[in-house]
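J.: Take a look at the following structure, please.
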Amino acid sequence: MPVLSVERVKKVYGSGELAVTALEDITLSAESGELVALLGPSGSGKSTLLLCISLILEPTAGRITINGIEVYRDGATGIDVRRLRRENIGFIFQGQNLIPFLTAQENIALALDLNGVPKRQASRRACELLDYLEIGHRANALVANLSGGEQQRVAIGRALANEPPLILADEPTSSLDTDRGMKAMTLLRRIAKEKRSAVIVVTHDERMIEGFDRVFRLKDGRLLDVVMNAQRS
Amino acid sequence: MDLAIKDVRHHLGKFAVTIVGVSLLLTIVLIMNGIYQGNISDGLWLIDNTRADLWVVERNRGGPFNEQSRVAEDVYRSVAAVPGVAQSSPFITYNVEREVAGTSQHFTIIGYDVFGGLGGPARIVTGRPITRAHYELVADEKLGLRLAEVVRLGVHDYEVVGLTRGAVDFGGNPLAYLSLHDAQEVLFQQDNRALQASRAAALRRLERAGTTSEEAARLAPLLSAPTDTTNAVLVRLVPGVDRRAVAQHIEEWLYLSAFTPEQQRDLMLKGRLQRMMAILGLFRSLLVVVSIIIIALIVYVLTIEKIKSIATLKLLGATNWVIVRLILEQSLVLTVAAFLLAWASAELVKDSLPRSLLLLPAETLVTFLVIFAGGIVASLMAIWRALRTPPSLALGG
Chain A
0 MPVLSVERVK KVYGSGELAV TALEDITLSA ESGELVALLG PSGSGKSTLL LCISLILEPT
60 AGRITINGIE VYRDGATGID VRRLRRENIG FIFQGQNLIP FLTAQENIAL ALDLNGVPKR
120 QASRRACELL DYLEIGHRAN ALVANLSGGE QQRVAIGRAL ANEPPLILAD EPTSSLDTDR
180 GMKAMTLLRR IAKEKRSAVI VVTHDERMIE GFDRVFRLKD GRLLDVVMNA QRS
Chain B
0 MDLAIKDVRH HLGKFAVTIV GVSLLLTIVL IMNGIYQGNI SDGLWLIDNT RADLWVVERN
60 RGGPFNEQSR VAEDVYRSVA AVPGVAQSSP FITYNVEREV AGTSQHFTII GYDVFGGLGG
120 PARIVTGRPI TRAHYELVAD EKLGLRLAEV VRLGVHDYEV VGLTRGAVDF GGNPLAYLSL
180 HDAQEVLFQQ DNRALQASRA AALRRLERAG TTSEEAARLA PLLSAPTDTT NAVLVRLVPG
240 VDRRAVAQHI EEWLYLSAFT PEQQRDLMLK GRLQRMMAIL GLFRSLLVVV SIIIIALIVY
300 VLTIEKIKSI ATLKLLGATN WVIVRLILEQ SLVLTVAAFL LAWASAELVK DSLPRSLLLL
360 PAETLVTFLV IFAGGIVASL MAIWRALRTP PSLALGG
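First to last, the protein sequences are chains A and B.
Residues in the first sequence are numbered consecutively from 0, following numbering that gives the first Met the number 0.
Residues in the second sequence are numbered consecutively from 0, following numbering that gives the first Met the number 0.
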């Protein structure tokens, strides 16, 4: 069973003559341990698709299932989306979006705290993740005192905190230089394999596609093609 | 995880400056509370500490504090003869501005029958009461006089024989007690040149009326203003007597007005103090509203500054309560800290202000509750803004 299943999803903004179709008949899936890319230029619909998968935007039609739970089927199914997000999805943002008044460790513990994990347990888990991400020595540093690469690792740690089956990363390398961007992608690949999460990365950077298991290429709101193991299918 | 406190720690300087600013406003609110209560306390001090059962004044006058009342000195004898009256004493009170203890001071002179009459100083902290008919004075410490110091009032010198503490008139000015006749003398006695001018004026009036020079010289002293008037008669009743009945008797048979202490307090609160209390009340309310508006704006700005963090929290699945708590807690931390600082400041400065400042714990508590509720209201705008923030704001650059 795929961790993420998107079937014939359509999203239309506005109505009548002003209606704009942002997504049309999108079908894709991501398996556990798989690193998947949503690739496309600006305006291709990848951000809209990410919002739909993030359970922020309701698709006009189609079906989305996360970890076996049907969230949308031609409309909302009444699932508590915040809880579903908390428990099943980890987010890595374009600009990291760490909470600036918290330390590296606290930023990771926050995700656990929101999920009701006791404080001591959350702190221990945060430290373990920082060690796993090789920045354990920066645990008590405030976000502002971390380098871009370190911030990215903390953001990844936060996404991993609740061991979600699905991790969504929005342009995770856009604020990093090429070298650090490559390292971040290597880390995401490692996470997908070791943590058995489905990692979906939204990117417009064609240079990154080699590292993905599958690449879904979008254009004008439609799925253009799928690249598997860096080979065109 | 207490996000609000962690944010406060991160922006400690900004919060500290804001707390100091808001606390200054709240200090003014508390000081105004103190002045308000101080005015009431001062206004009622003389009434409460005179311990008369009835205040008898000129007919249809709200005297002796709200309105000028003139009563002939010997009227107290007629009052003493009223059934139910145990004791009655003449009483005089007026404000003066004189040079005392090296500075020009505004104070109130109280004249009373020093030989067992009513209306004398309630409690003397140093020295003794007046025991001689003339030239002795009991003053409040606030005048800055020392025992045995000699004060010139009018044409005579008066020796300070006793000191009181907290004896003030309705304006918070200190009291100085004299014997009745000394007080009348200070009030009415003129120097020689004034006497000559007044006598010349009386002679001219008599001569214009057609009297001879000899007759005018004989009659002129009779035209001078009387100096044996008082302002009120203080009455102590026989225990168990109906005060209203005695007052009614005095009003009907002696053609005077008589007030119980409760009526005198009402006259003071509704007359002299009402407008001042209304103005102080208005300013207090305005300052509280301004403080709450400032807190609301500060909390709103602080929320806007972390709106992306709030969007991130929402995207991470934070419940609305986590967001509400973050904002509400900061608003309340700001409000409570500013209030505590204001309270400490008001307590610190209250004794150094020229006016009596009475900080009543109950009123301070009510003010705190109002400000606390204001702090909650102040956070509503920011909470509304935060809850409307879409989690999608966290995505994208």
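Where a beta carbon is used, it is the ideal one built from N, C-alpha and C, also for glycine.
What you are looking at is a predicted structure, and each value in this text was computed from that prediction instead of being measured.
For the region 382 to 394 of chain B, which residues have a CB atom closer than 9 angstroms to at least one CB atom of chain A, in sequence order?
T.: Cβ contacts with chain A come from 389, 390, 391, 393 and 394.
J.: Does the CB of residue 81 of chain A have a neighbour CB from chain B at under 8 angstroms?
T.: Judged by the 8 angstroms Cβ criterion, residue 81 of chain A is in contact with chain B.
J.: Say whether the region 143 to 155 of chain A touches the region 99 to 108 of chain A, bearing in mind that this needs 3 or more beta-carbon pairs closer than 8 angstroms, one atom from each stretch.
T.: As far as the Cβ criterion goes, the region 143 to 155 of chain A touches the region 99 to 108 of chain A, which means the pair count is three or higher.
J.: With residue 397 of chain B and residue 100 of chain B assumed to form a contact (beta carbons below 8 angstroms), what rounded beta-carbon distance in angstroms separates them?
T.: Lying outside 0 to 396, the shown extent of chain B, residue 397 of chain B is not represented and no answer is given.
J.: So is residue 329 of chain B buried or exposed if we call it buried at 16+ other beta carbons inside 10 Å?
T.: Per the 10 Å Cβ criterion, buried.
J.: Runs of 4 residues minimum, wholly inside the region 101 to 148 of chain A: which ones carry the alpha helix (DSSP H) assignment?
T.: Segments of the alpha helix (DSSP H) lying fully in the region 101 to 148 of chain A: 103 to 113 and 118 to 131.
J.: Taking Cβ-Cβ distances shorter than 7 angstroms, what residues in chain A pair up with residue 316 of chain B?
T.: The contacting residues are 81, 82, 84, 85 and 113.
J.: Since I believe residue 89 of chain B is in contact with residue 229 of chain B (beta carbons under 8 angstroms), could you give me their beta-carbon distance rounded to a whole number of angstroms?
T.: With 8 angstroms as the limit, residue 229 of chain B and residue 89 of chain B qualify as a contact, their Cβ atoms being about 4 angstroms apart.
J.: Can you tell me where the alpha helix (DSSP H) with residue 90 of chain A in it begins and where it stops?
T.: Where residue 90 of chain A is concerned, there is no enclosing alpha helix (DSSP H), although the beta strand (DSSP E) it sits in stretches over 88 to 91.
J.: Which residues of the region 291 to 309 of chain B have a Cβ closer than 7 angstroms to any Cβ of chain A? Give them in chain order.
T.: Residues 307 and 308.
J.: Any beta-carbon of chain B closer than 8 angstroms to the one on residue 99 of chain A?
T.: Taking Cβ atoms only, chain B reaches closer than 8 angstroms to residue 99 of chain A, which makes this a yes.
J.: Does residue 196 of chain A come out as helix, strand or coil in the three-state DSSP assignment?
T.: Reduced to three states, the DSSP call for residue 196 of chain A is coil.
J.: Per the contact definition of three or more C-beta pairs closer than 8 angstroms, is the region 58 to 71 of chain B in contact with the region 252 to 268 of chain B?
T.: Taking 8 angstroms as the limit for Cβ pairs, the verdict is that the region 58 to 71 of chain B does touch the region 252 to 268 of chain B.
J.: Let me check one thing: in DSSP terms, what residues is residue 151 of chain B bridge-paired to?
T.: DSSP output for residue 151 of chain B lists B/156 as bridge partner(s).
J.: Does chain A have any CB closer than 8 angstroms to the CB of residue 321 of chain B?
T.: Yes, residue 321 of chain B counts as interfacial toward chain A.
J.: Please confirm whether residue 17 of chain B and residue 333 of chain B have their CB atoms less than 8 angstroms apart.
T.: Yes, the pair counts as a contact, with Cβ atoms nearer than the cut-off.
J.: Which parts of the region 322 to 370 of chain B are runs of the alpha helix (DSSP H), unbroken and 4 residues or longer, counting only runs that do not cross its ends?
T.: As far as the region 322 to 370 of chain B is concerned, it has no whole alpha helix (DSSP H) run of at least 4 residues.
J.: Within 8 angstroms (strictly less), CB to CB, does residue 169 of chain A reach chain B?
T.: Taking Cβ atoms only, chain B reaches closer than 8 angstroms to residue 169 of chain A, which makes this a yes.
J.: Would you say residue 17 of chain B faces chain A, with C-beta separation under 8 angstroms as the test?
T.: So no, residue 17 of chain B is outside the interface.
J.: For residue 278 of chain A, which residues in the same chain have their Cβ closer than 8 angstroms to its Cβ, ignoring the five residues on either side in sequence?
T.: Nothing about residue 278 of chain A can be reported from this structure: the residues present for chain A run from 0 to 232 only.
J.: Under 6 angstroms Cβ to Cβ from residue 229 of chain A, same chain only, skipping five residues before and after it: list those, please.
T.: Residue placement at residue 229 of chain A is poorly supported in this model, since its pLDDT is 47, which falls under 50; the coordinates are not used for a value here.
J.: Anyone know if the C-beta pair for residue 29 of chain B and residue 377 of chain B falls short of 8 angstroms?
T.: No, Cβ-Cβ distance for residue 29 of chain B and residue 377 of chain B is not below 8 angstroms.
J.: Taking residue 374 of chain B as the reference, give the member of B/340, B/394 and B/335 with the closest Cα.
T.: The shortest C-alpha separation from residue 374 of chain B is found at B/335.
J.: In chain order, which beta strand (DSSP E) runs of at least 3 residues are fully inside the region 83 to 149 of chain B?
T.: Counting only runs of 3 or more, we get 84 to 99, 102 to 111, 123 to 126 and 135 to 139.
J.: Measure from the alpha carbon of residue 238 of chain A to the alpha carbon of each residue in A/206, A/46, A/90 and A/124, then state which is nearest.
T.: In the structure displayed, chain A extends from 0 to 232; residue 238 of chain A sits before or after that span and is not available.
J.: Of all the options A/114, A/8, A/169 and A/124, which has the alpha carbon lying nearest to the alpha carbon of residue 60 of chain A?
T.: Nearest option by C-alpha distance: A/8.
J.: Quick one: is residue 393 of chain B buried, meaning 16 or more other Cβ sit within 10 Å of its Cβ, or exposed?
T.: With 16 or more Cβ atoms within 10 Å of its Cβ, residue 393 of chain B is classed as buried.
J.: Using DSSP bridges, identify the partner residues of residue 221 of chain A.
T.: DSSP output for residue 221 of chain A lists A/218 as bridge partner(s).
J.: In the DSSP assignment, what residue or residues form a beta bridge with residue 54 of chain B?
T.: Note: residue 54 of chain B sits in a beta bridge opposite B/233 and B/258.
J.: Taking the Cβ atom as the reference point for each residue, do residue 62 of chain A and residue 6 of chain A lie within a distance shorter than 8 angstroms?
T.: Yes.
J.: List the whole-angstrom C-beta distance separating residue 110 of chain B from residue 179 of chain B, where the pair is believed to meet the contact cut-off of C-beta under 8 angstroms.
T.: At roughly 4 angstroms, the Cβ-Cβ gap stays under 8 angstroms, so residue 110 of chain B and residue 179 of chain B are in contact.
J.: For residue 221 of chain B and residue 71 of chain B, I'd like the C-alpha separation in whole angstroms.
T.: Answer to the nearest angstrom: the Cα atoms are 16 angstroms apart.
J.: If you drop the 5 nearest sequence neighbours on each side, which residues of the same chain put their C-beta closer than 8 angstroms to that of residue 124 of chain A?
T.: 107, 108, 111, 116 and 160.
J.: Could you tell me which chain B residues have their CB closer than 8 angstroms to the CB of residue 222 of chain A, listed as they occur along the chain?
T.: By Cβ distance, chain B contributes nothing, its closest Cβ being about 21 angstroms from residue 222 of chain A, past 8 angstroms.
J.: On the DSSP bridge list, what partners appear for residue 176 of chain B?
T.: Note: residue 176 of chain B sits in a beta bridge opposite B/109 and B/137.
J.: Where residue 396 of chain B and residue 172 of chain A are concerned, what is the direct C-alpha to C-alpha distance, given to the nearest angstrom?
T.: Low confidence applies to residue 396 of chain B: its pLDDT is 45, below 50, so where it sits in the model is not reliable, and the reading given next is rough at best. Residue 396 of chain B and residue 172 of chain A: Cα-Cα distance of roughly 11 angstroms.
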